[in-house]
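Colleague:
In the numbering used here, the protein residues as written are 94 to 489.
(1) Output the boundary residues of the beta strand (DSSP E) element that contains residue 260.
(2) Using a Cβ distance threshold of 8 Å, determine whether the stretch 452–461 contacts the stretch 364–374, with at least three qualifying pairs required.
(3) Go ahead and pull the three-state DSSP assignment for residue 446.
(4) In the DSSP assignment, the beta strand (DSSP E) including residue 372 goes from what residue to what residue?
(5) For my contact list, residue 228 and residue 433 are in at a C-beta cut-off of 8 Å; report their separation, rounded to the angstrom.
(6) So is residue 260 buried or exposed if we call it buried at 16+ other beta carbons inside 10 Å?
(7) Identify, in the order they occur along the chain, each residue of the same chain with its Cβ nearer than 7 Å to the Cβ of residue 385, setting aside the five sequence neighbours on each side.
(8) Just curious, the alpha helix (DSSP H) that residue 283 is in, first and last residue?
(9) Please report the straight-line C-alpha distance between residue 240 and residue 461, rounded to a whole angstrom.
(10) Which partner residues does residue 249 have in the DSSP bridge list?
(11) As a quick exercise: from 310, 252, 184 and 125, pick the residue whose alpha carbon is nearest that of residue 152.
(12) Can you tell me whether residue 378 is buried or exposed, with buried defined as 16 or more other CB within 10 angstroms of its CB?
(13) DSSP on residue 452, reduced to helix/strand/coil?
(14) Evaluate residue 217 with the Cβ neighbour count: other Cβ atoms within 10 Å of its Cβ, from every protein chain shown; 16 or more gives buried, anything less gives exposed.
(15) Name, in chain order, the residues that DSSP records as bridge partners for residue 436.
(16) Is it buried or exposed for residue 199, if we count other Cβ within 10 angstroms and need 16 for buried?
(17) Where does residue 94 sit, in a helix, a strand or coil, going by DSSP?
(18) Along the alpha helix (DSSP H) that carries residue 190, what are the first and last residues, could you check?
(19) Relative to the C-alpha of residue 186, which residue among 180, 213 and 453 is closest?
(20) Quick check on residue 267: does DSSP put it in helix, strand or coil?
(21) Using the Cα positions of residue 366 and residue 398, report the straight-line distance between them to the nearest angstrom.
(22) Mapping DSSP to helix, strand and coil, what is residue 384?
(23) Compute the Euclidean distance between the alpha carbons of residue 237 and residue 156, then round it to the nearest angstrom.
(24) Spell out whether any CB of chain C is found under 9 Å from the CB atom of residue 150.
(25) Looking at the unbroken beta strand (DSSP E) that takes in residue 462, where does it start and where does it end?
(26) Does the separation of the CB atoms of residue 101 and residue 327 fall below 9 Å?
(27) Measuring CB to CB, does residue 266 end up less than 9 Å from residue 144?
Quick look at the structure:
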C-alpha cells in the first residue's frame with residue numbers, strides 16, 4: 094500500500110471543463126456515468142424510512158455494508174427487515190465492520206444467520222495478525238435488486254434517528270441513487286465481499302440493465318487503499334487546486350494533512366471563498382478538535398469562514414467546489430480515511446445538484462456560530478491533549 098497522494102496537477106483545469114472531469118476520473122480510478130437521479134435525504138427521519146421501504150420492495154437481492162451499527166430501535170428495524178426478506182426468498186448479503194459494529198448485539202446477528210442472511214464481520218481481531226485490525230471498512234452501502242442504492246455518512250443507532258432536533262439526535266445525510274451509478278455502488282460492496290468470500294456477486298439479479306433515471310453525471314469513487322492506494326484524498330486535492338470561486342466544506346472530522354492545507358491556503362490566495370462547517374461542543378470525538386484547532390487558526394488568519402454547528406453533533410461529509418462539483422460519502426477529511434480505511438464517495442458534476450447541497454448547508458449555517466480568533470483558544474488540558482494526539486494524527 095502506497096502512503097501518500099497521487100501525482101495531481103498543480104494547476105488543474107476548472108471544474109466545469111471536460112478536461113477536469115477526465116482528470117478526476119483518472120484520479121478516482123472510476124469512470125463517469127450519465128443519466129442518474131440522486132435524492133438528498135437529510136437526517137434519519139428521512140433516510141431510515143426510505144431505506145427500509147427499498148428493502149421491503151426488493152424481490153431478488155439486498156446488499157448492505159456498514160461501519161457502525163449499535164443495538165437500538167433503528168438497528169433492530171433493519172435486522173428484522175433483513176430477516177423478513179431472507180425468509181421471503183430474497184438473497185441478503187451483509188458486511189458489518191467487526192470493530193464499529195461490536196455493539197450490534199448478538200441477538201441481532203443470530204437472528205439474521207438463522208433466517209439465512211449471508212453475514213460477514215469485516216476483519217475481527219486476530220491475535221496472530223493484529224495489524225490487520227487497524228484497517229476498517231468505513232463504507233456505507235445499501236443496494237436493493239441492483240436498481241436503487243443508498244450511501245452517505247450515517248450509521249445505525251438511536252442518535253441517527255429523527256431530525257437532529259436535540260443533542261441526542263445527530264445531523265447526517267444519506268443519498269438515494271437511481272440510474273447507472275447504482276452498478277458502481279454495487280461494485281463498492283463487491284470489493285470487500287470478494288475479499289472475504291473469494292466470490293463476486295454477479296448476474297442480472299445484482300447487476301440488472303439500468304436505464305437513465307435522470308440527468309446527473311456521477312461516479313461512485315472507491316476508497317480501497319490496500320488495493321488501489323489513495324484515490325479519495327487525491328480527489329479532494331485535485332478539487333481544491335481546481336477551485337476558482339468557492340470551496341464549501343461541511344465535515345464532521347476535519348484534520349487535513351499538509352498537501353490539503355497548502356491547497357486550501359493557495360485557494361485563498363487566488364481569492365477563492367473558503368467556508369467550513371464543523372461540529373461545535375457536541376462532538377463524539379473531542380480529541381479531533383484539540384488536534385485541528387491549529388489548522389483552523391491558520392485558515393481563519395488566511396480569511397476562511399469557520400462555523401460551528403450548535404444544536405447537536407453534525408456527522409456529514411460534504412464538499413462543494415465552484416457550485417458545480419459535489420463530493421459526499423463516508424470519507425472524513427483525515428489521513429485514516431485516505432490511507433487506511435475502506436471508504437466510498439459520490440462525486441457529482443452538476444450546478445443544480447450542487448445548489449441543492451449548498452441550500453442544505455445554508456440551513457445548517459442558520460443553526461451555526463461563526464468562529465472568531467478568540468473562539469479558538471483552548472484550555473491547557475485541551476492543548477496538552479492536542480499535542481499528545483498529534484503523535485497519532487495519522488490514525489485519527
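Glycine included, each C-beta is placed from N, C-alpha and C at the ideal position.
Modeller: A quick look at the data gives this:
(1) As a working note, residue 260 is residue 167 in the chain shown. Note, residue 260: premise wrong, no beta strand (DSSP E); not H, not E.
(2) Using a Cβ-Cβ distance cut-off of 8 Å, the stretch 452–461 and the stretch 364–374 are in contact, since at least three pairs of beta carbons, one from each stretch, lie closer than that value.
(3) What you label residue 446 is simply residue 353 of the chain shown in a count that begins at 1. It is helical.
(4) Residue 372 sits at position 279 when you count from the first residue of the chain shown. Start and end: 366–372.
(5) In the chain shown, counting from the first residue as 1, residue 228 sits at position 135. In the chain shown, counting from the first residue as 1, residue 433 sits at position 340. Sure, about 6 Å apart at Cβ, within 8 Å.
(6) The residue labelled residue 260 in the question sits at position 167 within the chain shown. With fewer than 16 other Cβ atoms within 10 Å, it is exposed.
(7) Working through the chain shown from its first residue, we reach residue 385 at position 292. If we look at residue 385 and ignore the five residues flanking it on each side, its Cβ neighbours are 347 and 348.
(8) If you number the chain shown from 1, residue 283 lands on position 190. First-last of the alpha helix (DSSP H) with residue 283: 274–290.
(9) Here residue 240 is taken as the residue at index 147 of the chain shown, counted from 1. Here residue 461 is taken as the residue at index 368 of the chain shown, counted from 1. Near 37 Å, if we compare the C-alpha coordinates of residue 461 and residue 240.
(10) By 1-based counting over the chain shown, the position of residue 249 is 156. Note: residue 249 sits in a beta bridge opposite 162.
(11) Locating residue 152 in the chain shown gives position 59, where the first residue counts as 1. Taking only the C-alpha atoms, the option nearest residue 152 is 184.
(12) For the purposes of this step, residue 378 is taken as the residue at position 285 of the chain shown. Residue 378 is exposed by the Cβ-count criterion.
(13) Working through the chain shown from its first residue, we reach residue 452 at position 359. Of the three classes helix, strand and coil, the one that applies to residue 452 here is helix, per DSSP.
(14) As a position in the chain shown, residue 217 is number 124, starting the count at 1. That one is exposed.
(15) Taking the first residue of the chain shown as position 1, residue 436 is located at position 343. Looking at the DSSP assignment, residue 436 forms a beta bridge with 316.
(16) As a working mapping, residue 199 is identified with position 106 in the chain shown. Answer is exposed; the Cβ neighbour count stays below 16.
(17) The count along the chain shown starts at 1 and reaches residue 94 at position 1. Caution applies to residue 94, whose pLDDT of 48 falls short of 50 and renders its modelled position unreliable; the value that the coordinates give is listed next. Residue 94 falls in the coil class under three-state DSSP.
(18) Residue numbering aside, residue 190 sits at position 97 when the chain shown is read from its first letter. Taken as a continuous stretch (DSSP letters only), residue 190 belongs to no alpha helix (DSSP H), being part of the beta strand (DSSP E) at 184–190.
(19) Counted from its first residue, the chain shown places residue 186 at position 93. Ranking 180, 213 and 453 by Cα distance to residue 186 puts 213 first.
(20) As a working note, residue 267 is residue 174 in the chain shown. It is a strand residue.
(21) Position 273 of the chain shown, counted from the start, is the residue given in the question as residue 366. Position 305 of the chain shown, counted from the start, is the residue given in the question as residue 398. Using only the alpha carbons, I get a separation of about 8 Å.
(22) Position 291 of the chain shown, counted from the start, is the residue given in the question as residue 384. Helix, per DSSP.
(23) Taking the first residue of the chain shown as 1, we reach residue 237 at position 144. Taking the first residue of the chain shown as 1, we reach residue 156 at position 63. Roughly 7 Å separates the two Cα atoms.
(24) No chain C appears in this structure, which consists of one protein chain only.
(25) Your numbering for residue 462 matches position 369 in the chain shown. Counting along the chain, the beta strand (DSSP E) containing residue 462 begins and ends at 461–463.
(26) One-based indexing of the chain shown puts residue 101 at position 8. One-based indexing of the chain shown puts residue 327 at position 234. Cβ atoms of residue 101 and residue 327: closer than 9 Å.
(27) For the purposes of this step, residue 266 is taken as residue 173 along the chain shown, with counting starting at 1. For the purposes of this step, residue 144 is taken as residue 51 along the chain shown, with counting starting at 1. No, these two residues do not count as a Cβ contact at 9 Å.
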